[in-house]
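Please read the structure below before turning to the comments.
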Amino acid sequence: MSKVGGGRDRLLKAALRLGARQRSIANLGLRELAREAGMHHTAIYRHFKSIDEVAVALVEPLSEQLRVDLRFARRSANRDAKDMIRASTLRYFDYVREHPLGVIFCAREIHGGLPCLREALQKMLDEFAADSAEDLCLLGLDKLLPDYEMLLTLTRLIAQHTLFAALDYLEQKENSDVIVERTVIFVECLIAGAIARNRST
Numbered sequence: 001m002s003k004v005g006g007g008r009d010r011l012l013k014a015a016l017r018l019g020a021r022q023r024s025i026a027n028l029g030l031r032e033l034a035r036e037a038g039m040h041h042t043a044i045y046r047h048f049k050s051i052d053e054v055a056v057a058l059v060e061p062l063s064e065q066l067r068v069d070l071r072f073a074r075r076s077a078n079r080d081a082k083d084m085i086r087a088s089t090l091r092y093f094d095y096v097r098e099h100p101l102g103v104i105f106c107a108r109e110i111h112g113g114l115p116c117l118r119e120a121l122q123k124m125l126d127e128f129a130a131d132s133a134e135d136l137c138l139l140g141l142d143k144l145l146p147d148y149e150m151l152l153t154l155t156r157l158i159a160q161h162t163l164f165a166a167l168d169y170l171e172q173k174e175n176s177d178v179i180v181e182r183t184v185i186f187v188e189c190l191i192a193g194a195i196a197r198n199r200s201t
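Counting from 1, one number per residue, gives the positions in the sequence shown under the UniProt record's numbering.
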């Protein structure tokens, strides 16, 4: 999210703060949001006409940099599935640590009360999944990996799992290393299982 303290940016940051206080963004009012951002309540309408617009606007800046970082981590790893999985998982949890409010927002609202936000967050997870599937295909393991649609099903499961693993990571700081390692193992086992299944058919 932009570091420039413009009105739109202040409102988005305020929405994340309010959302982290055990409040669904669907229950927020524009006046409350303006107050949290330190703005007059009429000023918010220069940027957003509804809470729905605020909610959807949060998704792109939260996911954009992470998508770039994860793709870089995967493609910078050795041409090996395990190295790719570990590198991208470690970068993912670094992002979680750096952006806790955004992660809490995404995990809480993926099944929240705003249909437009649920749709935007699901699209975000689908994009993460597609990126992962495409990068796995680049390893040249065509004869080992399942077909693309099956691979995409697996990477969607991975995207969903890692979103909620991030909450455990933030809430159980004393177990953070264990949670990261469990996530790596989970992903490795899914991919290894898919390869084994593909070999047997």
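No residue lacks a Cβ here, since even glycine has one placed at the ideal position from N, Cα and C.
Inset, instruction - Quick one: using the 10 Å Cβ neighbour count with 16 as the cut-off for buried, is His-41 buried or exposed? - result: exposed
Legend entry - Start-to-end residues for the alpha helix (DSSP H) that takes in Phe-164: 148-171
Inset, instruction - Would you kindly check if the distance between the Cβ of Cys-116 and the Cβ of Val-59 is under 7 Å? - result: no
Legend entry - Secondary structure of Cys-106, DSSP reduced to three states: helix
Legend entry - Buried or exposed (CB count within 10 angstroms, at least 16 for buried), Glu-119: exposed
Legend entry - Three-state class that DSSP yields for Gly-140 in the structure shown: coil
Inset, instruction - For Phe-105, count neighbouring Cβ atoms within 10 angstroms of its own Cβ and tell me buried if that reaches 16, exposed if not. - result: buried
Legend entry - Where Ile-77 falls: helix, strand or coil (DSSP): The amino acid at residue 77 is misidentified as Ile; the sequence shows Ala. Ala-77 falls in the coil class under three-state DSSP.
Legend entry - Backbone secondary structure at Asp-9 - three-state DSSP: helix
Legend entry - Assigned secondary structure, Ser-2 (DSSP; H/G/I helix, E/B strand, else coil): Confidence is the limiting factor: at Ser-2 the pLDDT is only 42, short of 50, which leaves the residue's position unreliable and the question unanswerable from this model.
Legend entry - Assumed close pair Arg-23, Glu-36 - CB separation to whole angstroms, cut-off 8 Å: Arg-23 to Glu-36, Cβ: 11 Å. No contact.
Inset, instruction - Hey, could you find the ends of the alpha helix (DSSP H) Arg-199 is sitting in? - result: 176-200
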